[in-house]
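At the far end of the sequence shown sits residue 992, using full-length UniProt numbering, and the numbering has no gaps.
In what follows, a single structure is set out as structure tokens and then discussed.
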Amino acid sequence: MRRSLLRIFGLATFTFVGIGSVLLLGDDAPAKRKPWTTSKIVGSPEPPPRFKLPVPFPNLKFDHPLLLTPQPGGSRLFVAEQGGKIFSFENKPDAKAELFLDVKAVAKPKQTKDATHFENAYGFVFDPNFATNRFCYVCYTVRQDGKPNLADGSRVSRFTVKADTPPTVDAASEEIVFTFPQGGHNGGDLHFGPDGYLYVSSGDAADPNPPDKFKTGQDISDLLASIHRIDVHHKDAGKNYAIPKDNPFVGQTHNGKASRGEVWAYGFRNPWRFSFDRATGDLWAGDVGWEAWEMVHKVERGGNYGWSVVEARQAVNTTEKLGPTPIRPPVIELSHTIAASVTGGYVYRGKKFPELVGKYVFGDWMTRRIWAATITGTELVSLDELTAPQVRIIAFGEDNDGELYLLDYDTGRVHAFAKNDAASIDPTKFPRTLSQSGLYRDAKANQPAEGVYPFEVNAHQWQDYATTEYLLALPGNSTATDYDNRKAVGNDVDWNKIHMHLPKDGVLVKTLSLEMERGNPASRKRVETQILHFDGDAIQGYTYAWRDDQTDADLVPADGAEKSFRVKDPIFGGVRPQTWTFASRVQCGQCHNAWAGYTLGFNREQLNRDRPDGTNQLTFLGEFGLLNRVDKAEKPLPSFTAADVKKLKKYADPADEKQSLNDRARSYLNANCGSCHIFGGGGSVEFHINFNADVKNTNLWDAKPTRGGFEIPDARILAPGDPERSVMYYRMSKFGSGRMPHLGSDFPDETGLKLVRDWIVSLKPGREPAAANIPTEPTKLAERLKQSDDALRIARAVGRGTLSPDESNRVRTAATQPLCGSFATDLLGGYFPDPNKPPTLGSNPRPRAILSLTGDAANGAKLFAVTRSQCVNCHKIDGKGQDVGPDLSQIAKTRTREQLLESILDPSRRIEPQFQSYLLRTLDGRSITGLVVKRDAKEVVLKDAQNKLTTVAADDVESLDASRTSIMPEGLLKDFTPQEAADVLAYLAGRK
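Quick look at the structure:
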């Protein structure tokens with residue numbers, strides 16, 4: 001949803017130019033605000049959810065409930081609170097909660113060395129033999145004052161339930177059965193498996209940063225980051241439990257340390273709620289992610305679920321020693337654009353909703369969303385959202401009939417599922433065109449409606465040569481509110497707090513326009529209008545695509561769209577082919593995420609700027625009646641004064657050379673990168689580009705890249721003083737896959753690159769940047785293009801248009817030769833499009849462009865077999881081909897079209913455990929990548945992508961580490977047209 005950095009470009013000089021501000025900020029601004037009365041931006045274009053969440057027990061309200069479970073063989077349900085109280089109640093509408101056990105009151109913290117007090121309850125379960133032994137089990141923590149991570153601070157205790165009604169616990173019956181370390185990510189869920197053993201979850205006991213600070217995720221010599229399996233009906237010597245003999249790591253050692261036999265599976269960060277499918281016995285667990293992903297795992301004996309080597313499939317601590325078993329990818333992985341704290345659920349086995357039977361129902365605590373997942377084996381087939389996001393889901397529970405309940409951590413209520421037959425939202429009423437939205441008096445003339453006002457921001461985002469206009473639309477006389485004490489938006493979690501809030505049905509509007517002839521403002525056409533709508537609960541993003549005749553704009557479907565332009569541009573040889581991507585609604589949330597504050601342009605830092613008359617925009621918005629201020633007690637404050645705004649932080653205008661180079665560059669990076677590269681924002685690399693952070697403390701400064709260095713010698717994410725060794729600069733400079741920002745931009749921003757380059761140089765003064773040098777001799781030029789630093793300098797000269805026609809032709813000739821290498825392709829290929837060549841997918845293929853086509857399976861079979869596809873070099877079909885990768889003869893039985901395409905375009909996204917590649921380093925410095933065919937005390941045998949076997953003596957191996965990269969190369973379809981790719985996909989999709 002975020003777009004552009006405003007500019008008008010000449011051929012060799014570039015200037016930032018803002019537009020739109022004259023309407024609101026100029027001398028002709030209206031003297032008095034008028035109400036916006038024409039709004040039609042209400043509700044949603046999406047169909048209403050299939051289910052609602054009524055409160056079946058209106059008399060019940062708990063204090064931060066954590067779990068719900070039934071009594072075996074009875075009708076009562078039990079709810080445990082975080083503070084330690086456990087209540088029971090009859091499963092009927094007029095139920096009354098009755099105290100079953102107050103763990104805090106009966107716990108004896110001092111039974112654990114150094115413990116001083118009870119902390120929290122986490123888990124509760126009845127013994128499967130409850131009818132005869134009357135046992136129940138509670139997991140809770142004790143801790144020491146002022147010191148976390150007490151060694152035995154997590155307890156699993158057994159209690160005896162008295163035979164009275166309502167049931168209560170014998171307070172003196174506690175027996176501590178099992179302990180493990182207490183800490184921030186505690187786990188603590190308890191369930192008996194169908195085998196009669198007790199399963200106990202534990203997290204990594206750490207705070208979010210640094211990730212896995214105790215290095216426990218892959219270490220099975222301790223009891224952290226695991227799901228344990230213990231026998232509570234028998235006792236081993238010195239224990240109040242026994243370790244089942246068939247547990248996977250009994251009697252083993254790994255990395256020179258004895259393994260804990262209790263461990264059933266490991267590699268979890270914070271497994272928050274697991275359950276057994278009562279029909280199949282399968283174990284499912286939700287695992288709360290770190291910065292980018294939430295995971296759901298099908299947990300199997302001895303399984304390694306990756307933390308902290310990976311988060312889902314994304315590399316984190318790649319230097320950590322792996323556990324004894326291969327990493328298994330999650331069955332479900334949700335990016336932080338749609339989830340941020342997963343709550344594991346249950347496979348539904350009730351009778352009320354036949355359409356849910358066999359589906360895994362789970363949710364997300366932070367976003368309040370609930371899904372039903374259809375899963376075959378370990379493959380996610382579909383993921384359907386069930387309800388409107390309204391409940392802070394801390395836990396799911398089921399009764400003895402398999403019907404599901406969920407607990408709201410904030411309100412303390414128990415909710416159930418019910419069909420949403422009386423839908424409150426009519427999606428057909430949401431405006432399908434801008435002219436219907438009420439935002440414009442005349443959409444064709446680009447005239448806002450009465451009561452809709454423009455505003456301007458300090459630092460615009462680069463959006464491939466587009467210019468932007470911003471509008472603020474607040475219904476009636478309502479105002480935006482600036483909370484002096486930051487506050488969460490709508491139903492958002494309390495820790496995501498921002499100053500600036502929109503009123504219900506408030507709208508922010510952003511229109512992007514593109515010159516059809518570069519440098520000619522008269523050729524500018526409106527391309528897209530984006531809106532952010534606060535519906536009272538959450539901020540939703542939508543986008544409208546302008547028609548070619550500029551008369552109106554149409555609502556883009558939920559999954560986005562694309563449109564092609566051919567722009568006159570001498571830098572690109574006369575014509576710049578440009579594919580404009582209209583973001584999907586999910587992609588809107590990737591930038592406009594909670595961690596970044598949702599409204600990226602409508603905040604103090606962006607709005608704090610001077611108007612043409614010298615007054616401040618924040619002051620004007622308040623005095624004009626569009627912005628209301630409140631203090632910490634939410635009492636009215638006067639509008640921002642000149643003295644107030646001087647104290648506030650503000651972004652610099654990247655184009656204003658009167659401001660400091662550091663502030664300009666940091667503002668530019670914040671506007672273009674900051675919404676993802678912020679804690680929780682979903683950036684795939686652990687650095688934070690926050691404007692106000694000390695750059696030396698952002699994990700950028702002289703840091704080695706963790707997601708690839710592009711073969712740049714001695715690469716760093718940010719190499720102070722040396723932009724050519726800085727991967728962030730390279731990513732901003734390149735075309736295609738791996739370019740940053742990866743959303744909303746396909747072309748390098750020459751003005752922004754110069755700014756960032758100058759800033760990097762300034763971080764370590766003394767090094768004089770070299771200029772681009774274009775040798776006249778083709779072989780010498782080709783050699784220059786094989787060097788990353790020379791290729792970067794030459795690319796910038798091409799992009800800025802500073803080369804002579806002769807130099808440009810020489811570079812074009814050299815860069816389009818295959819032997820020039822990846823630097824030429826990455827940095828220069830996009831500047832030299834071939835007008836006579838049918839458009840191919842290139843290095844950044846768009847899945848929608850392929851999936852929207854009908855493929856010819858017969859032609860796909862021919863293409864599959866040709867050399868340029870390389871498919872038969874690694875895969876077999878019907879006995880033909882090689883067996884490096886999986887046999888594809890019946891691949892469509894387990895993969896959808898979408899999944900097949902994903903595996904081709906992004907082969908490292910999902911790697912089956914048996915095809916996990918490894919990087920072997922020898923003592924003499926060699927590196928070999930491949931599949932492990934054999935590994936024993938004598939030798940290691942690897943098979944590479946060409947089916948070649950390499951044998952290395954075990955004594956010569958320095959290290960053998962799982963690779964985050966698939967052995968299957970990327971870019972296999974880059975020379976295919978979209979139709980050819982669709983043909984190959986049709987062929988594979990028919991292999992059943």
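Quick reminder that beta carbons are idealized off the backbone N, C-alpha and C, glycines included.
Item to complete: Give me whichever residues DSSP pairs with residue 36 in a beta bridge.
Response: 475 and 476
Worksheet item: Per DSSP, what kind of secondary structure is residue 307 in: helix, strand or coil?
Response: It is coil, neither helix nor strand.
Item to complete: State buried or exposed for residue 304, treating a residue as buried only when at least 16 other CB atoms are found within 10 Å of its CB.
Response: It counts as buried.
Practice prompt. Report the three-state DSSP secondary structure of residue 121 (helix, strand or coil).
Written response: strand
Discussion item. At 3 residues or longer, what runs of the beta strand (DSSP E) sit wholly inside the segment 54-104?
Written reply: 65-70, 76-81, 85-90 and 98-102, all fully within the segment 54-104.
Discussion item. By DSSP's criteria, residue 138 is part of a beta bridge. Which residues make up the other side?
Written reply: 124 and 157
Fill in: Beta-carbon proximity check, residue 788 vs residue 823, cutoff 7 Å
yes
Discussion item. Output needed for residue 905: all residues of its chain with C-beta closer than 6 Å, excluding positions within five of it in sequence on either side, in chain order.
Written reply: 845
Worksheet item: How is the beta strand (DSSP E) around residue 540 delimited, first residue to last?
Response: 539-546
Item to complete: Just the C-alpha distance for residue 671 and residue 591, rounded to the nearest angstrom, thanks.
Response: 10 Å
Fill in: Limits of the alpha helix (DSSP H) - the one that residue 449 falls within
Note, residue 449: premise wrong, no alpha helix (DSSP H); not H, not E.
Item to complete: Taking residue 574 as the reference, give the member of 519, 77 and 615 with the closest Cα.
Response: 519
Discussion item. Output needed for residue 477: all residues of its chain with C-beta closer than 8 Å, excluding positions within five of it in sequence on either side, in chain order.
Written reply: For residue 477, the CB contacts under 8 Å within the same chain, skipping 5 residues up- and downstream, are 33, 35 and 625 in chain order.
Worksheet item: Among 410, 577 and 561, which one has its Cα closest to the Cα of residue 587?
Response: Of 410, 577 and 561, the residue nearest in Cα terms is 561.
Worksheet item: Among 515, 531, 530 and 532, which residue has its Cα nearest to the Cα of residue 524?
Response: 515
Worksheet item: Can you find at least 3 beta carbon pairs, one from the segment 640-660 and one from the segment 449-461, that sit closer than 8 Å?
Response: Judged by pairs of C-beta atoms under 8 Å, the segment 640-660 touches the segment 449-461, as three or more such pairs exist.
Discussion item. For residue 271 and residue 290, I'd like the C-alpha separation in whole angstroms.
Written reply: 12 Å
Worksheet item: Between residue 198 and residue 191, what straight-line distance do the alpha-carbon atoms span, to the nearest angstrom?
Response: 6 Å
Worksheet entry | Counted within 10 angstroms of its Cβ, other Cβ atoms place residue 301 as buried (16 or more) or exposed | exposed
Item to complete: Note down, in chain order, each residue of its chain lying with its Cβ closer than 6 Å to the Cβ of residue 993, except the 5 sequence neighbours on either side.
Response: Nothing in the structure corresponds to residue 993, since the chain is present only between 1 and 992.
Item to complete: Tell me, please, which residues DSSP counts as bridged to residue 574.
Response: 569
Item to complete: Would you decide whether residue 76 is buried or exposed? Buried here means 16 or more other CB atoms lie within 10 Å of its CB.
Response: buried
Fill in: Burial state of residue 677, where buried means 16 or more other Cβ atoms lie within 10 Å
buried
Worksheet entry | Inter-stretch contact (C-beta, 8 Å, three-pair minimum) for the segment 807-814 and the segment 937-952 | no
Item to complete: Give a yes or no on contact between the segment 771-788 and the segment 660-675, applying the rule of three or more CB pairs nearer than 8 Å.
Response: Verdict: no, contact absent.
Discussion item. On the criterion of 16 or more Cβ atoms from any shown chain inside 10 Å, does residue 99 qualify as buried, or is it exposed?
Written reply: exposed
Discussion item. Could you check whether the segment 703-720 touches the segment 795-811, counting it as contact only if at least three pairs of C-beta atoms, one from each stretch, sit closer than 8 Å?
Written reply: no
Worksheet item: Are there 16 or more other CB atoms within 10 angstroms of the CB of residue 117, so buried, or fewer, so exposed?
Response: Result: exposed.
Practice prompt. Under 6 Å Cβ to Cβ from residue 222, same chain only, skipping five residues before and after it: list those, please.
Written response: 216
Item to complete: Just tell me which of 454, 471, 921 and 988 has its CA closest to the CA of residue 958.
Response: 921
Discussion item. Let's see if you can read the secondary structure: which residues bound the alpha helix (DSSP H) around residue 517?
Written reply: Here residue 517 belongs to no alpha helix (DSSP H), and DSSP marks it neither H nor E.
Worksheet entry | residue 527 - containing beta strand (DSSP E), residue span | From DSSP, the beta strand (DSSP E) with residue 527 extends over 524-534.
Worksheet item: Going by other Cβ atoms of all chains shown within 10 Å of its Cβ, with 16 needed for buried, is residue 890 buried or exposed?
Response: exposed
Fill in: Rounded C-alpha distance that separates residue 12 from residue 801
Confidence in residue 12 is poor, its pLDDT being 30 and thus under 50, which makes the residue's placement unreliable; the coordinate value appears in the next sentence. Their Cα atoms are separated by approximately 5 Å.
Discussion item. Distance check for residue 355 and residue 550, CA to CA, integer angstroms please.
Written reply: 45 Å
Worksheet item: Would residue 228 be called buried (16 or more neighbouring beta carbons within 10 Å of its own) or exposed?
Response: buried
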